[in-house]
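Novice: Residue numbers (full-length UniProt numbering): 1 to 309.
Idealized CB from N, CA, C, for every residue including glycine.
This one's a predicted model, so the numbers in the text were calculated from it and none came from an experiment.
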Amino acid sequence: MERQIDYRHLESLIALLTVARLGRYTAAANVLGVNHSTISRRIDALQKAMGGHLLTRSPNGWELTDLGRRAMASAEAIEQAVEAIGSEKDTGGLAGHVRIAAPDAFSAHLAAPALAKLQAKHPQLVFEIVSETTRARQTRTGMDLEIVIGEPNVRKAASTKLMDYELRLYATAEYLEAHGTRVALEDLAGHRLNYYIDTALTVDKLDEATSVLPPIQRAISSTSIAVQYAATMNHAGIGLLPTFLSEHYPNMIPVLHDQFTYHSEYWLVGREEALRSRAVQETVRALNDAATTGDWFIPPFPAYDLSRG
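#1: Where does the unbroken beta strand (DSSP E) through residue 265 begin, and where does it stop?
#2: DSSP on residue 56, reduced to helix/strand/coil?
#3: Could you spell out where the beta strand (DSSP E) holding residue 224 opens and where it closes?
#4: According to DSSP, is residue 164 part of a helix, a strand, or is it coil?
#5: Can you give the beta carbon distance from residue 295 to residue 111, rounded, assuming they're within the 8 Å contact cut?
#6: In terms of residues, what are the limits of the beta strand (DSSP E) holding residue 194?
#7: To the nearest angstrom, report how far apart residue 298 and residue 147 are at their CA atoms.
#8: Taking the Cβ atom as the reference point for each residue, do residue 75 and residue 20 lie within a distance shorter than 9 Å?
#9: Go to residue 127, then tell me how far its alpha helix (DSSP H) extends in each direction, as first and last residue.
#10: Per DSSP, what are the beta-bridge partners of residue 217 in this structure?
#11: Out of 135, 220 and 165, state which residue places its alpha-carbon closest to the alpha-carbon of residue 232.
#12: Just how far apart, CA to CA, sit residue 157 and residue 144?
#13: Flag this pair as yes or no: are the beta carbons of residue 287 and residue 169 separated by less than 9 Å?
#14: CB residue 31 to CB residue 99, shorter than 9 Å?
#15: Does the beta-carbon distance from residue 266 to residue 161 come in below 9 Å?
#16: For residue 170, which three-state DSSP category applies?
#17: For residue 315, which residues from the same chain have a beta carbon less than 6 Å from its beta carbon, with the 5 sequence-adjacent residues on both sides left out?
#18: How big is the Cα-Cα spacing for residue 88 and residue 106?
#19: Inspect the beta-carbon positions of residue 171 and residue 235 and report whether they are closer than 9 Å.
#20: Exposed or buried, what is residue 126 when buried is set at 16 or more other beta-carbons lying within 10 Å of its beta-carbon?
#21: Of the residues 14, 17, 33 and 292, which one's Cα is nearest the Cα of residue 163?
#22: Looking at residue 209: is its Cβ nearer than 9 Å to the Cβ of residue 264?
#23: Which class does residue 11 belong to by DSSP, given the choice of helix, strand or coil?
#24: So what does DSSP say about residue 20, is it helix, strand or coil?
#25: What do you reckon, are the CB atoms on residue 142 and residue 22 nearer than 9 Å?
#26: So, helix, strand or coil for residue 277, using DSSP?
#27: I'd like to know whether the C-beta atoms of residue 39 and residue 29 end up nearer to each other than 9 Å.
#28: Are the CB atoms of residue 78 and residue 167 nearer to each other than 9 Å?
#29: Restricting to Cα atoms, I'd like to know which of 225, 121, 53 and 108 is closest to residue 279.
#30: Nearest-angstrom Cα distance between residue 34 and residue 224?
#31: When you compare only the Cα positions, how much space is there between residue 282 and residue 189?
#32: Which one or two residues does DSSP pair with residue 147 in a beta bridge?
#33: To the nearest angstrom, how far is it from the Cα of residue 96 to the Cα of residue 273?
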């Protein structure tokens with residue numbers, strides 16, 4: 001028979017709620033500002049009080065048991081009650097800690113400005129953005145939301161397409177003057193490419209983007225899109241870059257746009273437990289709205305002349 005939970009277990013219920021959403025004790029500890037052992041003690045105390053296991057380890061991280069799901073309902077009710085109290089002082093009444101993993105360009109140019117606007121409305125919201133370009137993971141990674149390139153294939157998670165985008169070839173006028181302005185697709189073998197590091201690339205869509213190009217020597221490769229832009233703007237080679245950024249920089253000259261373009265998409269992935277959080281729901285809405293309207297942040301990005309010291 002299930003035992004009653006008293007007020008002493010409020011912190012334990014919040015610990016359970018956070019572990020259930022993130023799938024990892026360490027991630028929950030980071031969000032709650034405690035250490036891993038504190039999370040473990042709180043979960044153990046709650047399990048003793050309820051007379052059974054609330055979590056079970058799986059290949060996807062920690063998952064709720066049937067008893068855990070019943071406890072989770074109580075934890076969510078507490079969370080909603082706390083938010084309701086806050087709404088008496090703040091009409092928005094939205095608080096929470098949301099962790100997001102997203103590719104470099106999406107993180108800097110869409111996620112950060114969109115979430116800054118959301119945070120301005122709800123100052124009690126806290127965001128962590130991990131900038132990474134990888135496929136959606138099957139395991140729980142301690143993130144509430146993942147933004148991935150290409151349609152994901154994940155279990156026990158919801159996914160939705162945020163937007164389509166294109167990769168095209170760009171170079172500076174200085175590079176083309178030095179290496180030839182008349183470029184045909186078959187001539188690319190005589191040029192150099194700024195793009196992702198082959199051995200570090202785990203995203204099929206990004207890997208496929210170069211498959212229809214002739215063999216081309218790499219110039220400067222990086223996991224960072226900012227580095228790829230800096231390399232291209234400093235005349236190191238031709239960059240295979242997203243149009244939603246490149247079209248805003250006058251020194252990015254289109255190369256072979258009548259012969260080559262590669263289509264891709266950004267997708268959002270969220271676990272069921274995380275998506276029940278109002279903070280996560282509003283985060284999803286903000287990201288989707290920004291992607292739909294194309295509300296990109298385009299910072300100044302001059303071509304740097306390093307010879308000036």
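Specialist: On the basis of the coordinates in this document:
#1: 262–271
#2: DSSP places residue 56 in strand when its eight states are reduced to three.
#3: First-last for residue 224: undefined, no H or E at that position.
#4: strand
#5: Residue 295 to residue 111, Cβ: 11 Å. No contact.
#6: 192–195
#7: Straight-line Cα distance between these residues: approximately 20 Å.
#8: yes
#9: That residue, residue 127, is in no alpha helix (DSSP H); its beta strand (DSSP E) goes 125–131.
#10: 192
#11: 220
#12: 11 Å
#13: no
#14: Going by C-beta atoms, residue 31 is nearer than 9 Å to residue 99.
#15: yes
#16: strand
#17: Residue 315 is absent from the model: the chain starts at 1 and stops at 309.
#18: In this prediction, residue 88 has a pLDDT of 48, which is less than 50 and means its spatial position is unreliable; what the coordinates show is noted afterwards. Roughly 35 Å between the two C-alpha positions.
#19: yes
#20: exposed
#21: 292
#22: yes
#23: helix
#24: In the three-state DSSP reduction, residue 20 falls in the helix class (H, G or I).
#25: yes
#26: Coil at residue 277, not helix or strand.
#27: yes
#28: no
#29: 121
#30: 32 Å
#31: 47 Å
#32: 268
#33: 14 Å
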